[in-house]
Every structure is written in C-alpha cells, then in structure tokens.
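Enquirer:
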Amino acid sequence: MSMDQPLLQVRDLGKNFGGVHALDNVSVDVKAGVILGIMGANGAGKTTLFALIAGNETPSSGEILFRCRSIVGLRPDQICRRGVARTFQIVRPFAGLTVLENVTTAAMFGAGLHASHAGAQAAAAEIIGEVGLAGRIHSPAGELTLSGQKRLELARAVATGATLVMLDEVLAGLTATEVEEMLVTIRSIHARRGLTLLVIEHVMRALMRLSHHIVVLHLGRKIAEGEPEAVAASDEVQRVYFGEAA
Amino acid sequence: MLDTLLSGQLLFAAVAISATYALVALGLNLVYGTMRLLNVAHGDLVMLGGYGAFWAFSIAGISPLLTLIAVAAAAAALGMLAYRGLFRGLLASQRAAARLESNSLLLFFGLSIIIQNAVALAVSATPRGYEYLSNVVQLGNAALTGNRLAALAIAVALLAAISLFLRMHLFGLAMRALIEHREAAAVVGVDIDRVQLASFGLGFGTAAVAGALVSMTEQVSPFMGFPFTIAAFVVIIMGGLGRIGGGIAAALVLGVIETYGVALTSASWRSILLYGVFVLVLMFRPQGLFGRRAVVR
Amino acid sequence: MKRVPQPVTRDLALILGLLAAAGLVPLVAGDYWTGVGIALLMAIALTQSWSILSSLSGYVSLGHVVFYGLGAYVVVASWGSLPIAVSLPVAALAAAAFAFVIGLPVLRVRGPYFVILTFGLAELVKFCVIAIEAAQGRASRLILGTPGLDTLFFLMLALAALATLLAWGARVTRLGHGLRAIRENEEAAQTLGVPVARYKLAAFVLSAAIPGAVGGVMALRATYFEPIQVFDPMVSFSMIAMAIIGGGDDLRGPLIGAIVLGTLSELLWASAPQLYMIILGLLLVIFVLFVPEGICGRLLRPAPPMARR
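Here the protein sequences line up with chains E, G and R, keeping their order.
Note that the numbering used here numbers the first sequence so that position 98 is 98, with each residue one more than the last.
Take any residue in the second sequence, count from 1 to its spot, add 1000: that is its number in the numbering used here.
Take any residue in the third sequence, count from 1 to its spot, add 2000: that is its number in the numbering used here.
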C-alpha cells in the first residue's frame, strides 16, 4: 500500500436486516492519521458501519478495504489482528477481571505484537496510565464508574496495537467535565501513537472539535461529508437536525 | 407394516402423545415467559401430578378425572408460592448478572435431583400403575382404551380453553404480552407481578394435570419426569420460546416423529428419536422453527 | 512460556506432591482404602478435566459423562484384541476425537442452551450405544483377567496427575487468558483478537481426553459394562457439583470438591443413596446461590490484588 492510498476504503457498503436498510450505499475514504467524526440520529446506521468494518456483521453489499486489502468476510479476531479495533456503544468489560487483565488480554491477542505475557502486561500498564486508569489498575472492571469503563474500552482497543481505532459514543453519559478530560485523552493518544480514529458521537460540539473531517449519516445513507464547519452549515444537515441541540 | 402405519390406532397414539407434550410444553412456556429461565424441574411436576392421581385412586378409589382438579389446584398453589417466596427475589438479582443463566439451570437441576430422590426415598423407586377405564372402545378400525380417549379429550379441551383464554380474555392477553414483550407490557400498564404469579400458577397446574392424565396409561416412577422435561424443551424450542401456537404445532411434529419413528424401527428407538430431535434442534435452529429472535446473551 | 503469578504454579506443586504421597496408600493400606483412593482419584481426574472447559470458558457441560462412557466402551470392546497399554490411550483419543468432531456445532450454542444440549447429547449417545449393543444381542458385557486393584490405583493416580497438569497448563498459557475473556464477554473477546472458535474447541477437546481414559480404567475395575450404568448422568452432575463446591477457578478446587463428595459418599452411598443425592442436590443449590466461587474462592484465597471469580 503506497503512502497516499487511504488507510480505509468503504465502497457502496450496504446492510439489510430483514428488509430494513441499516446502511445504504455508503462510501467513504479515510486517510491515515485522520480523526473522522461520524454523525447521525439514532438508527442512522453508525454503529452498523462499525460492526461491518470490525467484522461483527457481514455486509449485504459493497466492499471494505483496509490497507488496500479486502476485509469483508473475515472474522472479527482476524480483522483485529490486521490492525482494526473498536469499542462498543454499550460497554462490554470483562467484568470479573481486573483492569490490568482486561487490557493485557487485548495486548496479547490483538495485532499480536507481544509474544510474552510479561511484554503484554507492560504494554497494557502503559496504556492504562495514558487513559488515566492507573489508580484503578487492579480493580475488577465491573466495579468501575461509567467514565472508567469508557476509558477501559478505549484502553483495550488501543492495546490491541491497532492502527485504526473506532470509538462508538465513548462520551455518552459523561458529565461535561468528564467529556473535556476524555477529549484531551483521546487527542493525546491519537497524537502519541499515530492512530487513525473513527468517532461516533452524539455530543455534537465535542465531535466538531475533535474531528478533522465529518461524515453525516441519515437513515443509512451518507448525506454530507467535509470539514466540520462546512458540514454544520450545510442545508441538508440543518434540515435533518432541526430541533436537535447543537 | 403399511397397514400399521396407516392405521387409525397409530394416528390416535401420535395425537395422544402430542397432546400430552403440548400440555406440558404450554406450562413450561408460561413459566419461561415469566422467568426467562429454563426450568429443568418442570417434568417433576408431571411426576408429582401422576403420583397424586395414583394415590387418590389406589387409596380412596377416586377417579383420576376428579383428582386432576385437585392436583392442578395444589400445583398451582405451589407455583404461586414458589414465585412469591423464591423466584421473585431471584429475578431481581438475576437481571444484574447475565452469567447466572447457566448457573440458574444448574439450580433447577439440583432442585430436580432433590425432588426426585425425596419421592424415591418416601415411596420407593419401583414404578407403579393402576387400572382405570381400561375398557376397549371401537372407533372405526381402531381399538382404543377408554383411558386414552379420556386423556386425549381432556388434554385437547384444556389446550383449547387455555389458548382461547390467552387470545381473548384480557388477563390472558396480558399474559401473552408479558411473554412476548416484557418491557412493553410494563409500559402499557400490565400488572407484571399479578400476571407473573398467575403464569406460574397456570404453568405448574397444567404440568400436574398432564401427569394425572399420563398416570392412567403409564406407570409412575420418581424419575419419570425427565423425558417429559426434554420433550417439553424440544417443543418450546422448536415452536419458538413463548409462542403458544407454535408450541402446539411443534408438539404435533414431535409426537408424530416419535410414534411413527418407533413404529418404523422399534420401541428402543423412542429415546434415540427424542434426544436426536432435541440435539438437532438445539444445534441448528436455536430460535425454533416458528420463533423470531434467538436468545441474546 | 507465559506465566501468571505464582499462586497457580504453587498450587500445581502442592497437588502433585499430595498425589505422590497418595501413592503410598496401596502399599500401606488394605484393598478397601485402595478402592476409596481410586474413587477419589477418579473424581479429581474428571473434575480437573471438566474445569478446563467449563470453569475457564463458562460453557458449562452437563454431559461430560459421554467421554467417560465412550472411553469405557472402547476399552471393553477391544478387550482381548488390544493390550491396555494401547487401549487406554486409544480410549482417550477416541473421546478427544468425538469432542473434535461435534465441537464446532455444539460450541456455537450459548449459555443454558449449551448446558442442556450437552446433556441431551450424552443421553443420545447412551441410547445409541444401547441400540448398537442390542443389535449384537448384548445387554451388557463382561471382561475377565483385568489388572489388579493396585495397578488400577496407580493408573488412576497417573490420570489424576495428568489432568491436573493439563488444567494448570490451560490456565497459565495464552489459551487460559483467551478462555477467561470468552467467559466474561465472548463478543468483546473476539473483537479484541481472541480466536474464540478455535480456543473453545481446544478446551473442549482437552477436557475430553482424560475422562475417556478414566472411563477405560473404571471399566477394568468394574469388569462389567452396561451402557445405562456407564453413561449415567449423575457422573456429569457429580463433576459439576465437585467443581462448584470446591471452586472452579482454583486448581485446588477439584481436590476439595472430590474430598467433600467422597466423604459424603462413603458415609451414605451404601446405606441411603437417595439421601446422598438429596444432600448433593442441596449442596449444589446452596453453593450456586450463595457461594458460587466455591470453598477455595471463599475461604482459601481472600481478595488478592488480582480479583478472582
């Protein structure tokens, strides 16, 4: 893959759930290093997009290329090893394991960079520090606050060694202060590790501030794409979001 | 061979066993619909109903057709007690830990072991039987015993009555609503607690009635419950969890497979067929032949 | 070799030491105690093996007797044509092969459905074996000239040690980490790179092998093979009870569970078998409800920095 090819290419992606078009002919290119924000009302297809890319669901139509190679039809664990990771909208911690064990597992199995348990654990500890969970490193994941569990999702995804990390509403349910802190964390991890991020968010102002580039989905279709300010000002988006607090 | 296969007798046997399975499965569906937990001790209610009828007849000469009312009431009471005393509390904490689902199955398994062995200890493990209405009745080219006819008639009547109740009567509709869409039912104002209580009662009661009916034609033993539990599981999984109509259809399928399968092979194949269907349905169609969603973990 | 902290490896050393000491029993005690020893060692071997699948991955098998029964069948059916030095390993291999063949479709089923599926599968195999034997005109089989009690004791001792080693190995390797993640949240585990299907199958196959050999040894002990006895669901049930009472996550759990059940059985089985079963059922209910982490989890290792479930 040459340097100027997009890291991720989504071509005419579609997904039907028994007659319901969750996604309809969505195409988007993501260049390496970019933070791409994905906006849309509930049911717009945002999480479905993540599920298709990560392999949790298979597309009904279309193609997904990661580093110019198709990943359609691969299992989620295979896709993870290629370098793609995601968080879940409703958090899925390994509740009975500690924070360290959670992240170590991700480090051990992800893009497989760590041959030994010790190496994986060290890498995990570092990331746990970066997301600000160092003080709870030995706590059972099930006992964390919501903010802590969201950070854990982030830490696990990053620990897999992925180059493309997909964050699904990691700010949802957080207080204004927690949102600010999380934004700082995300930005610093993105910079320090040279990641490419896809970010789904409802907290629109945060999304605008975080993203380099925005895609807007509505009822499974892409209705706008571009710089945050341009997208916010677009007529289409204004119409769809009439009444929603920005 | 062919005339055996085409005989009215075999058909009758298939329908009779289907009706029994449908009745037991109905009870399991009602209880499952409430608890969302698989009660592997359900067959033991059949066993207890059977013993009730057996004792009433052997000791006091009371017809099982009368006893079944008593065992139904007793079982219903037991069910409601179990709900109030045990399950309501369990359900509240269950919702927190999804992992408890497998463990709850072990719990019921443990209960089943306790019940079965308690009965075996109290009485004995020897199978017991009695004779009632064993006079032969001729229906066309089929020679049927009165007890089988009565059992079938009552089972069908009960199934029809309950199905109608669940479809027409307001409270029955509430029960179905609860089974099919728990959260939605609460939102539209269904009194969850009362409906769950009634579901438990009805669920337990129907199992006991099935037991009383079975006792007329088969021997009762402390460990007879298990095959009924398995059959009930096959039926509700094939028919779709919580679907009453699907359950009746599935019961017919199972009854036919078992009866005609045994006729084509031999009696020892009955268990192979039962468990074979069970395993196949679970492995390849966990959401049932008529059901909608698979159970989400 | 990837290692978890000391406790598990320390436990292994402890258990192997105890087992070695147990080797003295046939030398100093009479046949009765040797027999008791065999029963205890069998319980340990079975429960350790079961825990490789069910305690680690959360896929609770209620049909594990199927592997035990298949192993017994292999040894009995090949009696006279194969020496036990061959037929016992073959029994283990046969059980493992069976697990391999049915593993993929069976392990796609989740939660309580997996539990009842394994139960149904064991019953299905039981009735099939009965039918196969009946087709040959047999209701049971008798074998003669089996090894003496002491030999069987040491065979079972070896199996208990092997099972414990396997259980330890499963826990300390990548496999163990992956299985635990699967137990906590399978979809998240897979999304984070754990090859869930492969690992579940590996655990399933590993958990089947030793029970196959154990079944073979017990067939030699009983010299009598009757499918309905050998494929008894209570064997499956006992494995679960021992693991839950002892504590499934801990390597020492099966030992403790085996001792508890063994003691109970020694006291009650001969005189009041139903009472034994009732107490067993009660214990299971109580532990599942109130002490799901088992005796090891509750008493022996109070909350270390690494939380254990």
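Cβ atoms here follow ideal geometry from the backbone N, Cα and C, with glycine treated the same way.
(1) Helix, strand or coil: how does DSSP classify S2087 (chain R) here?
(2) In three-state DSSP terms, what is P1227 (chain G)?
(3) Contact criterion: CB-CB distance below 8 Å. Does T2191 (chain R) meet it with respect to chain C?
(4) Drop a sphere of 10 angstroms on the beta-carbon of A1096 (chain G), count the other beta-carbons inside from all chains shown, and report buried for 16 or more, exposed for fewer.
(5) Could you check how far apart the C-beta atoms of S1271 (chain G) and F2127 (chain R) are, in whole angstroms? I think they sit under 8 Å.
(6) Might you give, ordered along the chain, the residues of its own chain that have their beta carbon closer than 7 Å to the beta carbon of Y1130 (chain G), omitting 5 neighbours on each side?
(7) Whose CA, out of R:G2216, R:T2223 and R:L2268, lies closest to the CA of L2093 (chain R)?
(8) Considering Cα atoms alone, identify which of R:L2284, R:L2299 and R:I2295 is closest to I1113 (chain G).
(9) Strictly by DSSP, which residues pair up with I35 (chain E)?
(10) For Y2059 (chain R) and F2114 (chain R), which I take to be in contact (beta-carbon distance under 8 Å), what is that distance rounded to the nearest angstrom?
(11) Where do the N-terminal and C-terminal ends of the alpha helix (DSSP H) with V215 (chain E) fall, by residue?
(12) Considering only C-alpha positions, which residue in the set G:F1278, G:I1257, G:S1266 and G:G1242 is nearest to L1028 (chain G)?
(13) Considering only the beta carbon of each residue, do E2186 (chain R) and G96 (chain E) sit closer than 8 Å?
(14) Measure from the alpha carbon of V165 (chain E) to the alpha carbon of each residue in E:Q5, E:G194 and E:P228, then state which is nearest.
(15) On the DSSP letters alone, give me the boundaries of the alpha helix (DSSP H) that N1029 (chain G) sits inside.
(16) Hey, which unbroken runs of the alpha helix (DSSP H) at 4 residues or more fall wholly within the stretch 62–105 of chain E?
(17) According to DSSP, which residues form a beta bridge with T1145 (chain G)?
(18) So which residues on chain G does V2131 (chain R) lean against when the C-beta distance must stay under 8 Å?
(19) Helix, strand or coil: how does DSSP classify R1095 (chain G) here?
(20) Ends of the alpha helix (DSSP H) at H2177 (chain R)?
(21) Got a sec, what are the start and stop residues for the alpha helix (DSSP H) R1128 (chain G) sits in?
(22) DSSP beta-bridge partners for P140 (chain E)?
(23) Under 8 Å, Cβ to Cβ, is there at least one residue of chain R near P76 (chain E)?
(24) Please decide whether L108 (chain E) counts as near chain R, where near means a Cβ-Cβ distance under 8 Å.
(25) Would you check if the distance between the CB atom of A1251 (chain G) and the CB atom of Y1032 (chain G) is smaller than 8 Å?
(26) Would the stretch 1252–1265 of chain G and the stretch 1158–1177 of chain G be scored as touching if the rule is three or more Cβ pairs under 8 Å?
(27) For N42 (chain E) and chain R, any beta-carbon pair shorter than 8 Å?
(28) Can you pull the chain G neighbours of I2228 (chain R), defined as C-beta to C-beta under 9 Å?
(29) Please classify D77 (chain E) as buried or exposed, where buried requires at least 16 neighbouring CB atoms within 10 angstroms.
(30) Which chain R residues sit within Cβ distance under 8 Å of R187 (chain E)?
(31) Under 8 Å, do I2038 (chain R) and L2117 (chain R) count as touching if we go by C-beta distance?
(32) Give me, in chain order, the residues of the same chain whose beta-carbon lies closer than 8 Å to that of Q1219 (chain G); leave out the 5 immediate sequence neighbours on both sides.
(33) Does DSSP classify I223 (chain E) as helix, strand or coil?
(34) Mapping DSSP to helix, strand and coil, what is G2294 (chain R)?
(35) Can you tell me which of the three DSSP states S2061 (chain R) falls into?
(36) Near I249 (chain E), which residues of its chain fall below 8 Å by C-beta distance, leaving aside the five closest residues on each side in sequence?
Expert: Once the coordinates are examined:
(1) Translated into the one-based positions of the third sequence, residue 2087 (chain R) becomes position 87. Three-state DSSP puts S2087 (chain R) in a helix.
(2) Along the second sequence, one-based indexing puts residue 1227 (chain G) at 227. Note: P1227 (chain G) maps to helix in three-state DSSP.
(3) Annotation note: the requested chain C is absent from the structure, which comprises protein chains E, G and R.
(4) For this step, residue 1096 (chain G) is matched to residue 96 along the second sequence. Its pLDDT being 44, under 50, A1096 (chain G) is placed unreliably by the model, and nothing is read from it.
(5) Position 271 of the second sequence, counted from the first residue, corresponds to residue 1271 (chain G). Position 127 of the third sequence, counted from the first residue, corresponds to residue 2127 (chain R). The Cβ separation is near 4 Å, so the contact holds.
(6) Indexing the second sequence from 1 puts residue 1130 (chain G) at position 130. Same-chain partners within the cutoff: F1054, F1057 and S1058.
(7) Numbered from 1 along the third sequence, position 93 holds the residue referred to as residue 2093 (chain R). Of the listed residues, the one whose Cα sits closest to L2093 (chain R) is R:G2216.
(8) Position 113 of the second sequence, counted from the first residue, corresponds to residue 1113 (chain G). For I1113 (chain G), the nearest C-alpha among the options comes from R:L2284.
(9) Along the first sequence, one-based indexing puts residue 35 (chain E) at 35. The partner list for I35 (chain E) (beta bridge, DSSP) reads E:L197.
(10) Mapped onto the third sequence, residue 2059 (chain R) falls at position 59. Mapped onto the third sequence, residue 2114 (chain R) falls at position 114. Contact between Y2059 (chain R) and F2114 (chain R) holds, with the beta-carbon distance rounding to 5 Å and staying under 8 Å.
(11) Within the first sequence, numbered from 1, the residue matching residue 215 (chain E) stands at position 215. Here V215 (chain E) belongs to no alpha helix (DSSP H); instead the beta strand (DSSP E) covers H213 to H218.
(12) In the second sequence, counting from the first residue as 1, residue 1028 (chain G) sits at position 28. Of the listed residues, the one whose Cα sits closest to L1028 (chain G) is G:G1242.
(13) As a first step, residue 2186 (chain R) is located in the third sequence; it is residue number 186 there, counting from the start. As a first step, residue 96 (chain E) is located in the first sequence; it is residue number 96 there, counting from the start. For E2186 (chain R) and G96 (chain E), no; Cβs fall outside 8 Å.
(14) As a first step, residue 165 (chain E) must be located in the first sequence, where it is residue number 165. The candidate whose alpha carbon is nearest that of V165 (chain E) is E:G194.
(15) For the purposes of this step, residue 1029 (chain G) is identified with residue 29 of the second sequence, where counting begins at 1. Its alpha helix (DSSP H) spans residues G1008 to M1035.
(16) 76–82
(17) Translated into the one-based positions of the second sequence, residue 1145 (chain G) becomes position 145. According to DSSP, which records beta bridges pairwise, T1145 (chain G) is partnered with G:V1136.
(18) The residue given as residue 2131 (chain R) occupies position 131 in the third sequence. Here residue 2131 (chain R) is Ala; the residue named in the question, Val, does not match the sequence. Chain G residues near A2131 (chain R): S1268, W1269 and I1272.
(19) Position 95 of the second sequence, counting from 1, holds the residue named residue 1095 (chain G). Residue placement at R1095 (chain G) is poorly supported in this model, since its pLDDT is 48, which falls under 50; the coordinates still yield a value, given next. If DSSP states are grouped into helix, strand and coil, R1095 (chain G) belongs with coil.
(20) Taking the first residue of the third sequence as 1, we reach residue 2177 (chain R) at position 177. Segment R2174 to E2184, the alpha helix (DSSP H) holding H2177 (chain R).
(21) Sequence index remark: in the second sequence, residue 1128 (chain G) carries index 128 (1-based). No alpha helix (DSSP H) holds R1128 (chain G); DSSP gives it neither H nor E.
(22) If you number the first sequence from 1, residue 140 (chain E) lands on position 140. Looking at the DSSP assignment, P140 (chain E) forms a beta bridge with E:T98.
(23) Counted from its first residue, the first sequence places residue 76 (chain E) at position 76. Yes, P76 (chain E) counts as interfacial toward chain R.
(24) Against the first sequence, residue 108 (chain E) aligns to sequence position 108. The amino acid occupying residue 108 (chain E) in the given sequence is Met; Leu does not appear at that position. It does; some Cβ of chain R falls within 8 Å.
(25) For the purposes of this step, residue 1251 (chain G) is taken as the residue at position 251 of the second sequence. For the purposes of this step, residue 1032 (chain G) is taken as the residue at position 32 of the second sequence. No, they are not a contact pair.
(26) no
(27) Position 42 of the first sequence, counting from 1, holds the residue named residue 42 (chain E). Taking Cβ atoms only, chain R never reaches closer than 8 Å to N42 (chain E), which makes this a no.
(28) Position 228 of the third sequence, counting from 1, holds the residue named residue 2228 (chain R). Residues of chain G passing the Cβ test: none, with the nearest at roughly 11 Å.
(29) For this step, residue 77 (chain E) is matched to residue 77 along the first sequence. Buried, because 16 or more other Cβ atoms sit within 10 Å of the Cβ of D77 (chain E).
(30) Taking the first residue of the first sequence as 1, we reach residue 187 (chain E) at position 187. The contacting residues do not exist; R187 (chain E) stays about 23 Å from chain R at best.
(31) Here the question's residue 2038 (chain R) lines up with position 38 in the third sequence. Here the question's residue 2117 (chain R) lines up with position 117 in the third sequence. The answer is no: Cβ separation not under 8 Å.
(32) In the second sequence, residue 1219 (chain G) corresponds to position 219, counting from 1. Once the five neighbours on either side are set aside, the close Cβ partners of Q1219 (chain G) are P1127, R1128 and G1129.
(33) Counting from 1 along the first sequence, the entry for residue 223 (chain E) is found at position 223. Correct three-state label for I223 (chain E): strand.
(34) Here residue 2294 (chain R) refers to the residue found at position 294 when the third sequence is read from its first residue. For G2294 (chain R), the three-state secondary structure derived from DSSP is helix.
(35) By 1-based counting over the third sequence, the position of residue 2061 (chain R) is 61. For S2061 (chain R), the three-state secondary structure derived from DSSP is coil.
(36) For residue 249 (chain E) there is no data in the structure shown, the boundaries of chain E being 1 and 246.
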